[in-house]
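Data first, discussion second: the structure below is written as structure tokens.
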Amino acid sequence: MDGDGPVNGRVINANVIVAGENPFAVDTVTARILGFKDEKIDYIKKEKTGKIEVLGEKIESINIKTIKPKNFYIKLIPQFVADIFGKLIWIRPEILENCTKCERCLKNCPVNAIYYKKGKLKIDYSKCIKCLCCYEGCTYEAIGLKESLLTKIFIKRR
Ligand code: SF4
Ligand code: SF4
Numbered sequence: 004m005d006g007d008g009p010v011n012g013r014v015i016n017a018n019v020i021v022a023g024e025n026p027f028a029v030d031t032v033t034a035r036i037l038g039f040k041d042e043k044i045d046y047i048k049k050e051k052t053g054k055i056e057v058l059g060e061k062i063e064s065i066n067i068k069t070i071k072p073k074n075f076y077i078k079l080i081p082q083f084v085a086d087i088f089g090k091l092i093w094i095r096p097e098i099l100e101n102c103t104k105c106e107r108c109l110k111n112c113p114v115n116a117i118y119y120k121k122g123k124l125k126i127d128y129s130k131c132i133k134c135l136c137c138y139e140g141c142t143y144e145a146i147g148l149k150e151s152l153l154t155k156i157f158i159k160r161r
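Heads up, the sequence shown is in my numbering, so the first residue is 4 and it goes up one at a time.
Following this line, the structure appears as structure tokens:
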């Protein structure tokens, strides 16, 4: 699944099975197949497993076109721009009108940033760590992603 997965993404058939003894190596190879550079994924960037031996089909020969998740583009903002504009560059979740109040996001938010106000679910952005677990886990597509003006400008230019 690409795009805004794992719930709201698009299913694509890559005709590839990735398997290995080291889960990190499997994740890294899968990310490369999907067109991500290692240094753009924090979890992969931080790990150091050394050289990964890929048996079978070469990564370069797998040709699939994928859509990147919306929040991926925020990582393309150069560090010096992020350092200067810091708090003005963000993407954050927003609970939409079609929320069914199933409370899945409320129960799963790791920092209890989701709460009820006047019968509606709201997000306390002073607590929210922007992990997007709520966004990824809402099966009703009732959580959108809102970008700051500066983020919008930057993303549109790419
Ligand atoms: S998971 Fe989605 S539908 Fe359920 S309460 Fe949260 S926003 Fe509403
Ligand atoms: S993005 Fe993460 S921290 Fe923020 S409200 Fe959603 S689940 Fe909670």
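All residues carry an ideal CB built from backbone N, CA and C; glycine is no exception.
Problem set entry | Endpoints, the alpha helix (DSSP H) within which I47 is located | Numbered from 1 along the sequence shown, position 44 holds the residue referred to as residue 47. Unbroken alpha helix (DSSP H) run through I47: D45 to K49.
Exercise. Helix, strand or coil for L99 per DSSP?
Worked result: Looking up residue 99 in the sequence shown gives position 96. In the structure shown, L99 sits in coil (DSSP, three-state: anything other than H, G, I, E or B).
Exercise. Using 8 Å as the Cβ pair cut-off and three pairs as the minimum, do the region 37–44 and the region 67–87 touch?
Worked result: The region 37–44 vs the region 67–87: in contact.
Exercise. Is I67 helix, strand or coil when you go by DSSP?
Worked result: As a first step, residue 67 must be located in the sequence shown, where it is residue number 64. Residue state for I67 is assigned as coil, using DSSP reduced to three classes.
For this session: Return yes when at least one heavy atom of ligand 1 lies under 7 Å from the C-beta of A145, else no.
Result: Stepping through the sequence shown from its first residue, residue 145 is reached at position 142. Taken from the Cβ of A145, at least one heavy atom of ligand 1 lies inside 7 Å.
Exercise. Which residue or residues does DSSP assign as beta-bridge partners of E139?
Worked result: Position 136 of the sequence shown, counted from the start, is the residue given in the question as residue 139. Paired residue(s): none; E139 is not in a bridge.
Exercise. Relative to the alpha-carbon of W93, which residue among K121, Y138, E42 and K133 has its alpha-carbon at the smallest distance?
Worked result: The residue you call residue 93 lines up with position 90 of the sequence shown. Per the Cα distances, K133.
Problem set entry | Nearest-angstrom beta carbon gap, D7 and P72 [assumed within contact, 8 Å] | One-based indexing of the sequence shown puts residue 72 at position 69. One-based indexing of the sequence shown puts residue 7 at position 4. That pair is a contact at about 5 Å.
Exercise. Closest by CA to L109, which one among P26, G140, F88 and K54?
Worked result: As a first step, residue 109 is located in the sequence shown; it is residue number 106 there, counting from the start. Shortest Cα-Cα distance from L109 to any of P26, G140, F88 and K54 involves G140.
For this session: State yes or no: is the C-beta of Y143 within less than 8 Å of the C-beta of N101?
Result: For the purposes of this step, residue 143 is taken as residue 140 along the sequence shown, with counting starting at 1. For the purposes of this step, residue 101 is taken as residue 98 along the sequence shown, with counting starting at 1. A contact, by the Cβ cut-off of 8 Å.
Exercise. Should I47 and A28 be called a contact, given that it needs their Cβ atoms to be closer than 8 Å?
Worked result: If you number the sequence shown from 1, residue 47 lands on position 44. If you number the sequence shown from 1, residue 28 lands on position 25. In this structure, A28 does not lie closer than 8 Å to I47 by Cβ.
Exercise. Quick one: what's I117 bridged to in DSSP?
Worked result: As a working mapping, residue 117 is identified with position 114 in the sequence shown. Looking at the DSSP assignment, I117 forms a beta bridge with I126.
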